[in-house]
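Novice:
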Amino acid sequence: MTQPSRNLAILGLQWGDEGKGKLVDLLSARFQQVVRFQGGNNAGHTVVVNGQSIALHQVPSGALHPECFLVVGSGVLLNLEVFRQELDRLLQRGIDVTDRLLISEKAHIILPHHIALDQWREGGAGVNKIGTTGRGIGPAYEMKAARMGVRMGDLKHPETLMDRMRPGYNEVCILLGPDAALPSLEAIASQLQAWAQPLLARIGDTQAHLMNAEARGEAILFEGAQATLLDIDHGTYPFVTSSNCSIGGLFTGTGLSPKSLGKVIGVAKAYTTRVGAGPMPSELLDATGDRLREVGREFGTTTGRPRRCGWFDAPITRHAVRTNGADGLGLMKLDVMDGFEEVGLVTGYRNSHGEVLTSLPSCAQDWLGVKPEVRMFKGWSQATRGVRALADLPKEARVYLDALMEAAEAPIAYLSTGPDRDEGFAWPGLFLEGMI
Ligand code: GDP
Ligand code: IMO
Ligand code: MG
Numbered sequence: 192m193t194q195p196s197r198n199l200a201i202l203g204l205q206w207g208d209e210g211k212g213k214l215v216d217l218l219s220a221r222f223q224q225v226v227r228f229q230g231g232n233n234a235g236h237t238v239v240v241n242g243q244s245i246a247l248h249q250v251p252s253g254a255l256h257p258e259c260f261l262v263v264g265s266g267v268l269l270n271l272e273v274f275r276q277e278l279d280r281l282l283q284r285g286i287d288v289t290d291r292l293l294i295s296e297k298a299h300i301i302l303p304h305h306i307a308l309d310q311w312r313e314g315g316a317g318v319n320k321i322g323t324t325g326r327g328i329g330p331a332y333e334m335k336a337a338r339m340g341v342r343m344g345d346l347k348h349p350e351t352l353m354d355r356m357r358p359g360y361n362e363v364c365i366l367l368g369p370d371a372a373l374p375s376l377e378a379i380a381s382q383l384q385a386w387a388q389p390l391l392a393r394i395g396d397t398q399a400h401l402m403n404a405e406a407r408g409e410a411i412l413f414e415g416a417q418a419t420l421l422d423i424d425h426g427t428y429p430f431v432t433s434s435n436c437s438i439g440g441l442f443t444g445t446g447l448s449p450k451s452l453g454k455v456i457g458v459a460k461a462y463t464t465r466v467g468a469g470p471m472p473s474e475l476l477d478a479t480g481d482r483l484r485e486v487g488r489e490f491g492t493t494t495g496r497p498r499r500c501g502w503f504d505a506p507i508t509r510h511a512v513r514t515n516g517a518d519g520l521g522l523m524k525l526d527v528m529d530g531f532e533e534v535g536l537v538t539g540y541r542n543s544h545g546e547v548l549t550s551l552p553s554c555a556q557d558w559l560g561v562k563p564e565v566r567m568f569k570g571w572s573q574a575t576r577g578v579r580a581l582a583d584l585p586k587e588a589r590v591y592l593d594a595l596m597e598a599a600e601a602p603i604a605y606l607s608t609g610p611d612r613d614e615g616f617a618w619p620g621l622f623l624e625g626m627i
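Everything in the sequence shown is counted per our numbering, starting at 192 for the first residue and increasing by one.
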């Protein structure tokens, strides 16, 4: 009988910023390969070690473990300027990843006109504002689908680089008009080559690399970016990002088969946040929401925008657990709820006619008027910050967590009680026990 795969996926279950970076960093010590498979520098993954915080956007969060090989898969978008800056920042901290990095030759490149188009749509007269990160993500994925994208492998053929870029560039120029002040194609091409020069040797066949690593018996950690409710198919469309951030994107974004995956951890905060526009029935537009934002430091890692905050939303999380086949939750930031007199849990939704919803609405129109059903629990006065054992949790927190697990239809595999590596614990009896 074949052994079940040791490979593990870490995926967001809400609207992003759940704390995926912390969990990936924490688990990386047990894995030889850490892979990003979708998204671009719209992601901001924060890793905190001994109180020092490092924000990673495109470099996999296994970077801080010198034994980890880092892979940027084919489903990822790269902004080369930002990527170089990230590598330089890591270098300044004494972390050199260049010898343990491989970027897929199929990964697409974010170009200046993609960013200009994204910002044009979001700015001024835009009628379809999503509240994007303004990083050119949508247009870069659109160009990929329109077969006008430029891939990392194209950088190895500088003589055809301008020809690859021209069709997409011309379309954006027509749309934005002469006032857009885009850099010339020549300038873009030479800048790309300058940024790419030190990386050329690190561009290759990541699919074969990962398959070979598996054949050698190495374990792979898959690092999701964004989250299920931002997934272009399974999220709150159109208020989503432009990639499949749930489980399917892992396979298309690496070229590995479903047989290469063992367990799936779905990461969620003990409450809910969202950046940007779109439905969020759990949102608290009052002092409680403000308190979650202040205590949880809910300001975007990438754009600094304040995050919308609310109680834990079981309907969306359950949808995400089911979509991803999550085996367990990484439940983060419980400590942020310390000291609340009462804490809430959104257990269900009713539509504008007062009817109970049994599944999430698919259309933006159907989300209008959706109201949360909130169950309140007694809060806990004893702090959970830094708690490292189940027995040390206040009993009120246990009652809340038991209800949360039941409503989300998944057990907690890891509970996080602070940003640092040692703040939290693997839930006894679950599959992460002994791994953290
Ligand atoms: P990601 O995008 O999913 O990786 O999440 P972000 O890094 O954007 O946002 C999560 C934030 O919460 C980061 O600043 C983390 O350092 C922080 N964080 C993670 N886990 C905990 C926790 O258990 N408690 C607290 N207070 N902060 C946490
Ligand atoms: P991580 O990986 C939170 C949101 C944006 C916007 C929508 C579309 O750190 O969890 P885009 O720029 O992708 O076209 O924006 O998606 N968004 C995120 N929100 N965390 C992220 O990444 C996000 N990446 C995109 O705010 O609502
Ligand atoms: Mg983030």
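Where is the CB? At the ideal position from N, CA and C, for every residue including glycine. Remember, predicted model here, so these are calculated numbers, not experimental data.
1) Could you tell me which residues DSSP pairs with D504 in its beta bridges?
2) Take G491 and list the residues in its own chain whose beta-carbon comes closer than 6 Å to its own, dropping the five residues that flank it on each side.
3) Flag this pair as yes or no: are the beta carbons of G444 and V267 separated by less than 8 Å?
4) Quick check: what's the CA-CA separation for P374 versus V458?
5) Looking at the secondary structure, which residues open and close the alpha helix (DSSP H) in which E313 lies?
6) Between V363, R509, G230 and S543, which has its C-alpha nearest A601's C-alpha?
7) Cβ of F260 within 8 Å of Cβ of R291?
8) What is the DSSP secondary structure of D424, counted as helix, strand or coil?
9) Determine the direct distance from the alpha carbon of G344 to that of S433, and round the result to whole angstroms.
10) List the endpoints of the continuous alpha helix (DSSP H) containing L367.
11) Determine, using beta carbons only, whether K524 and S473 come nearer to each other than 8 Å.
12) Say yes only if the C-beta of G415 is nearer than 7 Å to one or more non-hydrogen atoms of ligand 3, and no if none qualify.
13) D611 by DSSP, collapsed to three states: which one?
14) Within the same chain, show all residues whose beta-carbon is closer than 8 Å to that of G625, passing over the 5 residues directly before and after it, in chain order.
15) Ligand 3 heavy atoms versus the CB of E216: any closer than 7 Å?
16) Since E333 sits in a beta bridge, which residues does DSSP pair it with?
17) Beta carbon of V273, beta carbon of L308: below 8 Å?
18) Just the Cα atoms here: how many angstroms apart are G439 and L204?
19) Mapping DSSP to helix, strand and coil, what is M343?
20) Please classify S550 as buried or exposed, where buried requires at least 16 other C-beta atoms within 10 Å of its C-beta.
21) Kindly examine ligand 3 and report whether one of its heavy atoms sits closer than 7 Å to the Cβ of D422.
22) Spatial neighbours of V527 within its chain, please: C-beta separation below 6 Å, excluding the five flanking residues on both sides.
23) Does A461 pass the burial test, meaning 16 or more other C-beta atoms within 10 Å, or should it be called exposed?
24) Between the C-alpha atoms of A337 and P358, what's the straight-line distance to the nearest angstrom?
25) Counting only runs of 3+ residues fully inside the region 197-240, write out the beta strand (DSSP E) ranges in chain order.
26) Is the region 341-356 touching the region 310-324 in the sense that three or more CB pairs, one from each, lie closer than 8 Å?
27) Compute every distance between the C-beta of S451 and the non-hydrogen atoms of ligand 1, then say whether any falls below 7 Å.
28) For the putative contact between A254 and H299, defined by C-beta atoms under 8 Å, what is the C-beta separation to the nearest angstrom?
Specialist: Based on what the coordinates show:
1) The sequence position of residue 504 within the sequence shown is 313, counting from 1. Looking at the DSSP assignment, D504 forms a beta bridge with V537.
2) As a working mapping, residue 491 is identified with position 300 in the sequence shown. Same-chain partners within the cutoff: V466.
3) Taking the sequence shown and counting its residues from 1, one reaches residue 444 at position 253. Taking the sequence shown and counting its residues from 1, one reaches residue 267 at position 76. Contact: yes.
4) Counting from 1 along the sequence shown, the entry for residue 374 is found at position 183. Counting from 1 along the sequence shown, the entry for residue 458 is found at position 267. In a straight line, the C-alpha of P374 is about 40 Å away from that of V458.
5) Counting from one through the sequence shown, the residue named residue 313 turns up at place 122. It spans P303 to E313 - the alpha helix (DSSP H) in which E313 sits, taken as one unbroken run.
6) Counting from 1 along the sequence shown, the entry for residue 601 is found at position 410. Nearest option by C-alpha distance: R509.
7) The residue given as residue 260 occupies position 69 in the sequence shown. The residue given as residue 291 occupies position 100 in the sequence shown. Closer than 8 Å, so yes.
8) Working through the sequence shown from its first residue, we reach residue 424 at position 233. Residue state, collapsed to three classes: coil.
9) In the sequence shown, the residue the question calls residue 433 occupies position 242. In the sequence shown, the residue the question calls residue 344 occupies position 153. Going by the C-alpha atoms only, they are around 22 Å apart.
10) Here residue 367 refers to the residue found at position 176 of the sequence shown. Its alpha helix (DSSP H) spans residues P349 to L367.
11) Within the sequence shown, the letter at position 333 stands for residue 524. Within the sequence shown, the letter at position 282 stands for residue 473. No, the pair does not count as a contact, with Cβ atoms beyond the cut-off.
12) By 1-based counting over the sequence shown, the position of residue 415 is 224. No, ligand 3 has no heavy atom inside 7 Å of this Cβ.
13) If you number the sequence shown from 1, residue 611 lands on position 420. Reduced to three states, the DSSP call for D611 is strand.
14) Looking up residue 625 in the sequence shown gives position 434. The residues are A617.
15) Here the question's residue 216 lines up with position 25 in the sequence shown. The sequence given here places Asp at residue 216; Glu does not occur at that position. For ligand 3, not one heavy atom lies less than 7 Å from the Cβ of D216.
16) Indexing the sequence shown from 1 puts residue 333 at position 142. E333 pairs with nothing; no bridge assigned.
17) As a position in the sequence shown, residue 273 is number 82, starting the count at 1. As a position in the sequence shown, residue 308 is number 117, starting the count at 1. No; because the gap between Cβ atoms is not below 8 Å, this pair is not in contact.
18) As a working mapping, residue 439 is identified with position 248 in the sequence shown. As a working mapping, residue 204 is identified with position 13 in the sequence shown. The alpha-carbon atoms of G439 and L204 are separated by roughly 14 Å.
19) To locate residue 343, count along the sequence shown from 1; it is residue 152. Note: M343 maps to helix in three-state DSSP.
20) Residue mapping note: residue 550 aligns to position 359 of the sequence shown, counting from 1. Counting Cβ neighbours within 10 Å, S550 comes out exposed, since fewer than 16 surround it.
21) Taking the sequence shown and counting its residues from 1, the one referred to as residue 422 is at position 231. Flag unset: Cβ of D422 not near ligand 3.
22) Indexing the sequence shown from 1 puts residue 527 at position 336. These residues qualify, in order along the chain: V486 and G487.
23) Position 270 of the sequence shown, counting from 1, holds the residue named residue 461. With 16 or more Cβ atoms within 10 Å of its Cβ, A461 is classed as buried.
24) The residue labelled residue 337 in the question sits at position 146 within the sequence shown. The residue labelled residue 358 in the question sits at position 167 within the sequence shown. Whole-angstrom Cα-Cα distance: 10 Å.
25) 199-203, 224-227 and 236-240
26) no
27) Against the sequence shown, residue 451 aligns to sequence position 260. No.
28) For this step, residue 254 is matched to residue 63 along the sequence shown. For this step, residue 299 is matched to residue 108 along the sequence shown. Going by Cβ atoms, the distance from A254 to H299 rounds to 22 Å, so no, they are not a contact pair.
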